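Structure, as structure tokens:
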Amino acid sequence: ITGLVKPDQGDCIIKGSSIAFSEEKEKKKIRASMGVLFQSGALINWLSVYENVALPLREHKISSGKELHDNVMEKLKWLDLVHAKDNLPGDISGGMKKRAGIARALTTNPEILLYDEPTSGLDPVMSNVFNELILRLQKELKVTSIVVTHDMQSAYMIADRITFIYEGEAIFCGTPTELQNADSSIIQQFIHGRTKGPMNLDHSEKK
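Now the structure itself:
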């Protein structure tokens, strides 16, 4: 979706443009409308939470001085991280690292947020806290969320539509309710966590 890897076939169209086959200048323009939350937060260990959140603004020379500071503090406040702004990533919890990753992604005011396994490594309570945060971002900031997840409870809670990918192919696209009622033994095996069924378990382990 970010255009870092070209598809073997097909295309990915974002806002009317091909992210896969456009010129680099156009790709950068499309990427500028996106924010990414990596699975572990992907914070830089030797930078404080504040400096991690400010990084995109400095790297892309989007803002500086008071404007940069106000933007960063706004996002830290939004994610309830002001108290941790001077901490290093090694001094905060996994959930806080993920929230700092979101704060960093939001500094450029993206239209689209990409999440890679946002509830991975979180306990059930913190997973739901994160799910509610994603919904809040969608509602209050009008951000489109694209989430890669294996957490079905999270998917049911946050998704308007779910695409189910198996062995490199999208075998389903529909609402959470439609997914739960899908006439596919592969989908039913996966969403119920059954060990017996048609799924290629060796493939699942590799994925």
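Offset between the sequence shown (1-based) and my numbering: plus 1477.
Glycine included, each C-beta is placed from N, C-alpha and C at the ideal position.
Keep in mind the model is a prediction, meaning the values are calculated, not measured.
Just how far apart, CA to CA, sit residue i and residue j?
| i | j | result |
| --- | --- | --- |
| Thr1621 | Asp1679 | 33 Å |
| Glu1544 | Ile1639 | 38 Å |
| Gly1598 | Gly1571 | 8 Å |
| Lys1562 | Lys1673 | 48 Å |
| Ile1668 | Lys1538 | 44 Å |
| Gln1630 | Lys1574 | 22 Å |
| Asp1557 | Val1513 | 19 Å |
| Leu1614 | Asp1637 | 14 Å |
| Glu1588 | Lys1483 | 22 Å |
| Asp1568 | Gln1665 | 41 Å |
| Arg1535 | Ser1541 | 7 Å |
| Glu1500 | Cys1650 | 30 Å |
| Leu1618 | Ala1509 | 16 Å |
| Gly1480 | Lys1505 | 9 Å |
| Ile1623 | Ile1478 | 10 Å |
| His1546 | Trp1555 | 14 Å |
How far does the beta strand (DSSP E) with residue i in it extend, from its first residue to its last?
| i | result |
| --- | --- |
| Gly1578 | Premise fails: Gly1578 lies in the alpha helix (DSSP H), Gly1571 to Leu1583, not in any beta strand (DSSP E). |
Name the DSSP bridge partner or partners of residue i?
| i | result |
| --- | --- |
| Tyr1643 | Glu1646 |
| Ser1495 | Ile1490 |
| Val1624 | Tyr1592 |
| Met1511 | Ile1589 |
| Gly1651 | Ile1639 |
Tell me where the alpha helix (DSSP H) around residue i begins and ends.
| i | result |
| --- | --- |
| Ser1662 | Ser1662 to His1669 |
| Leu1612 | Pro1601 to Leu1618 |
| Lys1554 | Gly1542 to Trp1555 |
| Asn1529 | Val1526 to Glu1536 |
Less than 6 Å between C-beta atoms, sequence neighbours within five positions excluded: which residues of the same chain meet that for residue i?
| i | result |
| --- | --- |
| Gln1516 | Asp1593, Glu1594 and Ser1597 |
| Leu1656 | Ile1639 |
| Lys1683 | Low per-residue confidence applies at Lys1683: pLDDT is 46, beneath 50, and the placement is therefore not dependable enough to give any value. |
| Tyr1633 | Pro1653 |
| Met1676 | Ile1663 and Gln1666 |
| Asn1608 | Ser1631, Met1634 and Ile1635 |
Excluding five sequence neighbours on each side, which residues of the same chain lie with their C-beta closer than 7 Å to the C-beta of residue i?
| i | result |
| --- | --- |
| Lys1552 | Val1530, Ala1580, Leu1583 and Thr1584 |
| Tyr1643 | Ile1663 |
| Ser1494 | Glu1503 and Ile1507 |
| Gly1578 | Leu1514, Phe1515, Gly1518, Ala1519 and Leu1520 |
| Leu1612 | Ile1635 |
Within its chain, find whatever has a CB closer than 8 Å to the CB of residue i; leave out the 5 residues flanking it on each side and keep chain order.
| i | result |
| --- | --- |
| Asn1586 | none |
| Phe1498 | Lys1483 and Asp1488 |
| Val1559 | Met1550 and Leu1553 |
| Ser1604 | Thr1596, Asp1628, Gln1630 and Ser1631 |
| Tyr1527 | Val1549, Leu1553, Lys1562 and Asp1563 |
| Ser1441 | One cannot answer for residue 1441 here, as it falls past the ends of the chain, which runs 1478 to 1684. |
When every heavy atom of the ligand NAD is checked, does at least one fall within less than 6 Å of the C-beta of residue i?
| i | result |
| --- | --- |
| Gly1567 | As for the ligand NAD, it is missing from this structure, which has no ligand bound. |
- [ ] Report yes or no: do three or more beta-carbon pairs, one from the region 1483 to 1491 and one from the region 1517 to 1537, lie closer than 8 Å?
- [x] Not touching, per the Cβ criterion.
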